[in-house]
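S.K.: In terms of numbering that gives the first Met the number 0, the sequence shown opens at residue 0 and continues consecutively. All C-beta atoms, glycine included, are put in the ideal place defined by N, C-alpha and C. Fair warning: this is a prediction, and the values are worked out from it, not measured in the lab. I'd like to ask you about the structure that follows.
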Amino acid sequence: MYLVQMIYASRISTDFKTQDIESILESAHKNNAALGITGLLCFSHDSFLQSLEGSRKAVNEVYQKILNDQRHQDPILLYYKNIQQRNFVDWAMGYVSSSQMIRQIVLKYSRQSEFDAFEMSGDSARALMIELADNIPVQTGKARHTA
Ligand code: FAD
Numbered sequence: 000m001y002l003v004q005m006i007y008a009s010r011i012s013t014d015f016k017t018q019d020i021e022s023i024l025e026s027a028h029k030n031n032a033a034l035g036i037t038g039l040l041c042f043s044h045d046s047f048l049q050s051l052e053g054s055r056k057a058v059n060e061v062y063q064k065i066l067n068d069q070r071h072q073d074p075i076l077l078y079y080k081n082i083q084q085r086n087f088v089d090w091a092m093g094y095v096s097s098s099q100m101i102r103q104i105v106l107k108y109s110r111q112s113e114f115d116a117f118e119m120s121g122d123s124a125r126a127l128m129i130e131l132a133d134n135i136p137v138q139t140g141k142a143r144h145t146a
């Protein structure tokens, strides 16, 4: 079974409430662990950036479900590739909030130090997520959403 990694960005919808982060992460931990999916979810102000990695079948199944979720909109696929190894193997779904974004790391991969997933290429988004995961205590379990 092929191992793939995908990254997409989306914007919160008018249905979105800050508390939704917690239920999104609860669903992700439960479902992703059962499907062998790992990944990272970044949230900043009004946008999500998420990486999903695992078998091609499982990643596509979960992505289809995510696309139908009314809590966000305007999804844009930034990156999709067969991979040899995972980058976020420690997390069924790790979480990085806007308050944890390190401006210097964001600036390294963007035109500005303000995080905007829609202004990034797939390669830059991937590199940013890997570097963030290496440099901050990625949250697991219940989200302590502070942004
Ligand atoms: P449950 O996990 O049993 O649902 C848990 C709770 O969430 C319930 O209280 C339910 O009312 C509420 N809920 C479920 N779906 C919705 C919805 N569409 N709108 C409002 N409330 C809802 N799911 C994953 O499995 N893996 C992921 O990596 C993942 N990432 C996500 C990233 C983003 C940005 C968003 C917006 C959603 C993500 N989700 C993810 C959630 C996904 O869209 C589905 O909601 C979820 O997979 C449903 O799981 P479930 O059927 O097991 O429901």
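(1) CB S123 to CB Y108, shorter than 8 angstroms?
(2) What's the gap between the Cα of I135 and the Cα of E113?
(3) Opposite H28 in the DSSP bridges: which residues?
(4) Take S12 and list the residues in its own chain whose beta-carbon comes closer than 7 angstroms to its own, dropping the five residues that flank it on each side.
(5) On the three-pair Cβ rule with 8 angstroms, is the segment 56–65 touching the segment 88–95?
(6) Return the Cβ separation of L153 and I104 in integer angstroms, given the expectation that the two are a contact with Cβ distance under 8 angstroms.
(7) Whole angstroms are fine: how far does the CA of S50 sit from the CA of T37?
(8) For I6, does the count of other Cβ atoms within 10 angstroms reach 16, so buried, or fall short, so exposed?
M.R.: Well, looking at it:
(1) Here the question's residue 123 lines up with position 124 in the sequence shown. Here the question's residue 108 lines up with position 109 in the sequence shown. Yes, the Cβ-Cβ distance between S123 and Y108 is below 8 angstroms.
(2) For the purposes of this step, residue 135 is taken as residue 136 along the sequence shown, with counting starting at 1. For the purposes of this step, residue 113 is taken as residue 114 along the sequence shown, with counting starting at 1. Rounded to the nearest angstrom, the two C-alpha atoms are 17 angstroms apart.
(3) Mapped onto the sequence shown, residue 28 falls at position 29. For H28, which the question treats as bridged, DSSP gives no partner whatsoever.
(4) Here the question's residue 12 lines up with position 13 in the sequence shown. So the qualifying residues of the chain are Q69, R70, H71 and Q72.
(5) Contact between the segment 56–65 and the segment 88–95 is not established, with fewer than three Cβ pairs separated by less than 8 angstroms.
(6) Any question about residue 153 goes unanswered here, given that the chain covers just 0 to 146.
(7) Residue numbering aside, residue 37 sits at position 38 when the sequence shown is read from its first letter. Residue numbering aside, residue 50 sits at position 51 when the sequence shown is read from its first letter. Straight-line Cα distance between these residues: approximately 8 angstroms.
(8) Position 7 of the sequence shown, counted from the first residue, corresponds to residue 6. So I6 ends up on the buried side.
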